[in-house]
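I have placed the structure first, in the form of structure tokens, so that the comments after it can refer back to it.
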Amino acid sequence: MLNENNIYYITRKDLIDYGIQFLDGVGSYSICKVCIKNGGSCCNFCSHLKNGVGCQSRNTSCTSWLCGYLKLLFYSAGLLKGWNAFWDEVPGIDFRKDNTPPLIKMKVHIEVPRLKELGEALAVDLKSKLSRDEDNLDFIVLKKDLDELIDEIHFAENSTVASFYKKRLDHILKDFTEFRQSVIRMKIHN
Ligand code: SF4
Ligand code: SF4
806 MLNENNIYYI
816 TRKDLIDYGI
826 QFLDGVGSYS
836 ICKVCIKNGG
846 SCCNFCSHLK
856 NGVGCQSRNT
866 SCTSWLCGYL
876 KLLFYSAGLL
886 KGWNAFWDEV
896 PGIDFRKDNT
906 PPLIKMKVHI
916 EVPRLKELGE
926 ALAVDLKSKL
936 SRDEDNLDFI
946 VLKKDLDELI
956 DEIHFAENST
966 VASFYKKRLD
976 HILKDFTEFR
986 QSVIRMKIHN
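The sequence shown begins at 806 in the working numbering and counts up one residue at a time.
As structure tokens, this is what we get:
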């Protein structure tokens, strides 16, 4: 519930559930499925991962974290700034664990998107890429490259340097036809 200063309180558990809903709303899990199947999971070697079951210690840190592919998804959907601003308000974010208190005071609010098809389209392109590649190495390297490139675009904002990075991103995505079409459709309908 918001008060007159737009401040609200949310439990740590609800925050994690909300983050998961948000990730689902942009189709993130379609990408994770492809990634996990091809050895790229960010949960690899984590002590909280139970084989065949999944994470046994959901936390604010892993919920808020975006790999290069998810960053691409959020950036393309125009959700990256809002997502970052939202989690910047959450204390105690760490690596694979958190010290987030049970109740958190928040100001930033973000709406769960209805853009599952965007993540699904990216997953289709990633599957096609993997079927063309000899192994998963390029898939892993591309994830890291996208992570860095989107950070660079984000920090460069509207400067001429940003347009250089955006051209690089366009070049990287030239074979991602399903995803590019999905982005165009999203822009037409929103
Ligand atoms: S690295 Fe990214 S795509 Fe892969 S499982 Fe983790 S969040 Fe999902
Ligand atoms: S704590 Fe994080 S990295 Fe570890 S299994 Fe859970 S989600 Fe994956």
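Every residue gets a Cβ at the ideal spot worked out from N, C-alpha and C, and that includes glycine. Note that the structure is a prediction, hence the values are computed from the model and not measured.
If you compare alpha carbons, which of G857, A928, P896 is closest to N904?
Locating residue 904 in the sequence shown gives position 99, where the first residue counts as 1. The shortest Cα separation from N904 among G857, A928, P896 belongs to P896.
What residues in its chain sit with their C-beta under 6 Å from that of A926, if we drop five residues either side in the sequence?
Counted from its first residue, the sequence shown places residue 926 at position 121. E983, F984, S987, listed in sequence order.
Should G832 and G924 be called a contact, given that it needs their Cβ atoms to be closer than 8 Å?
Taking the sequence shown and counting its residues from 1, the one referred to as residue 832 is at position 27. Taking the sequence shown and counting its residues from 1, the one referred to as residue 924 is at position 119. Against a cut-off of 8 Å, the Cβ pair of G924 and G832 comes out as a contact.
Out of L920, F891, S852, N941, point me to the one whose CA is closest to M911's CA.
For the purposes of this step, residue 911 is taken as residue 106 along the sequence shown, with counting starting at 1. Checking every option, the nearest Cα to that of M911 belongs to F891.
Identify which residue in C840, H976, S866, F981 has its Cα closest to the Cα of W888.
Within the sequence shown, numbered from 1, the residue matching residue 888 stands at position 83. Closest option to W888, Cα to Cα, is S866.
List in chain order the residues whose CB is within less than 6 Å of at least one heavy atom of ligand 1.
I836, C837, C840, I841, G845, S846, C847, C872, Y874, L875
Just to confirm, are S869 and I898 a CB contact at a threshold of 8 Å?
By one-based count along the sequence shown, residue 869 stands at place 64. By one-based count along the sequence shown, residue 898 stands at place 93. Going by C-beta atoms, S869 is nearer than 8 Å to I898.
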